[in-house]
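Residue numbers (my numbering): 190 to 289.
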């Protein structure tokens with residue numbers, strides 16, 4: 190969705206600018222994304238997005254005990270071991286009765 194129609198700036202553009210860490214205020218986002226003066230209707234939404242980003246960051250820091258450095262995502266977890274032995278439950282009981 191567009192944040193600024195005058196400059197064709199999308200929410201993804203703004204989120205990208207915020208996540209790269211170079212922008213912390215609406216003014217910095219405007220400079221980094223290349224906002225040029227226009228109608229001004231984007232300003233309220235831009236300030237809300239910056240505020241939401243800051244709040245989410247503060248919450249994450251509070252839950253984790255501080256900023257966490259970025260780390261690579263590990264490879265996919267190994268496949269679960271196949272279930273062996275009798276399977277319990279209503280579906281298994283019905284299947285056993287049908288087989289008998």
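Cβ atoms here follow ideal geometry from the backbone N, Cα and C, with glycine treated the same way.
To the nearest angstrom, how far is the alpha carbon of residue i from that of residue j?
{"i": "residue 207", "j": "residue 215", "result": "10 Å"}
{"i": "residue 236", "j": "residue 263", "result": "35 Å"}
{"i": "residue 254", "j": "residue 242", "result": "18 Å"}
{"i": "residue 249", "j": "residue 233", "result": "24 Å"}
{"i": "residue 192", "j": "residue 226", "result": "14 Å"}
{"i": "residue 196", "j": "residue 223", "result": "8 Å"}
{"i": "residue 228", "j": "residue 194", "result": "9 Å"}
{"i": "residue 245", "j": "residue 238", "result": "11 Å"}
{"i": "residue 247", "j": "residue 231", "result": "24 Å"}
Looking only at its own chain, which residues have a Cβ that is under 6 Å from the Cβ of residue i, when we skip the five neighbours before and after it?
{"i": "residue 212", "result": "206, 218, 221"}
{"i": "residue 199", "result": "191"}
Determine which residues share a DSSP beta bridge with residue i and list them.
{"i": "residue 193", "result": "198"}
Going by beta carbon distance, what residues of the same chain come within less than 8 Å of residue i, once the five residues before and after it are set aside?
{"i": "residue 202", "result": "192, 222"}
Considering residue i, what are the terminal residues of the alpha helix (DSSP H) in which it resides?
{"i": "residue 216", "result": "215-222"}
{"i": "residue 240", "result": "232-253"}
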